[in-house]
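Participant: Quick one: the structure is below, and I'll ask about it shortly.
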Amino acid sequence: MNGLLDRERLRAQLVRHEAMKLKPYVDTVGKLTIGVGRNLDDVGITVDEANYLLSNDIDRVIRGLTVRYPWFVGLDPVRQSVLVNMAFNLGLAGLATFTRTLGSVERQQYGLASGQMLESKWARQVGSRAGELAAMMRTGTWQL
0 MNGLLDRERL
10 RAQLVRHEAM
20 KLKPYVDTVG
30 KLTIGVGRNL
40 DDVGITVDEA
50 NYLLSNDIDR
60 VIRGLTVRYP
70 WFVGLDPVRQ
80 SVLVNMAFNL
90 GLAGLATFTR
100 TLGSVERQQY
110 GLASGQMLES
120 KWARQVGSRA
130 GELAAMMRTG
140 TWQL
């Protein structure tokens, strides 16, 4: 390849031609697409891209939990991870419906919170995930 590609001009041109869509959409030939023409049906994403998205999503959830539940920052890392995992699965609004569980966690009644987690519809839906997270909440240790 002779010469250096002018990536900035090319990027600007591609954004102008393809548009930048931050939510998935179906393109003119029926392919699920996102970003600047990324064909998710045929190209998908790489492991690095998936890990980048995951890292950003974890950061977003942590910010949300910190704002909504100021006591979250005082939890040990394992129990913080339980709430992040639940919010990742349920969304912050979904986690907010766990009022008894969250109250128990705030009061550091971790055994009670663990039991309340397991009594939920969510626990029946997610199966072993709930059992693992409830054990982490109860013990404060990772279950891997």
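Residues 0 to 143 (numbering that gives the first Met the number 0) are what the sequence shown spells out, left to right.
The beta carbon of each residue, even a glycine, is placed where N, CA and C say it ideally should be.
Keep in mind the model is a prediction, meaning the values are calculated, not measured.
1) If I follow the unbroken alpha helix (DSSP H) through Thr-100, where does it start and stop?
2) With DSSP as the reference, identify every bridge partner of Asp-25, one or two as the case may be.
3) Can a CB atom of chain B be found closer than 9 Å to the CB of Val-28?
4) Could you spell out where the alpha helix (DSSP H) holding Gln-142 opens and where it closes?
5) Would you mind working out which of Val-72, Leu-101, Gly-73 and Arg-6 sits nearest Met-85, comparing C-alpha positions?
6) Quick one, are the C-beta atoms of Val-60 and Val-35 less than 9 Å apart?
7) Can you list, in chain order, the residues of its chain with a C-beta nearer than 6 Å to that of Asp-26? Leave out the 5 residues immediately preceding and following it.
8) Along the chain, where does the alpha helix (DSSP H) containing Ala-49 start, and where does it finish?
Facilitator: The structure says:
1) Counted as a single uninterrupted DSSP element, the alpha helix (DSSP H) harbouring Thr-100 occupies residues 98-105.
2) Per the sequence presented here, residue 25 reads as Val, with Asp not at that position. Val-25 pairs with Leu-31.
3) No chain B is present in this structure, which holds just one protein chain.
4) Segment: none, Gln-142 is in no alpha helix (DSSP H) and carries neither H nor E.
5) Nearest to Met-85 by alpha-carbon distance, out of Val-72, Leu-101, Gly-73 and Arg-6, is Leu-101.
6) no
7) Same-chain partners within the cutoff: Thr-32.
8) 46-67
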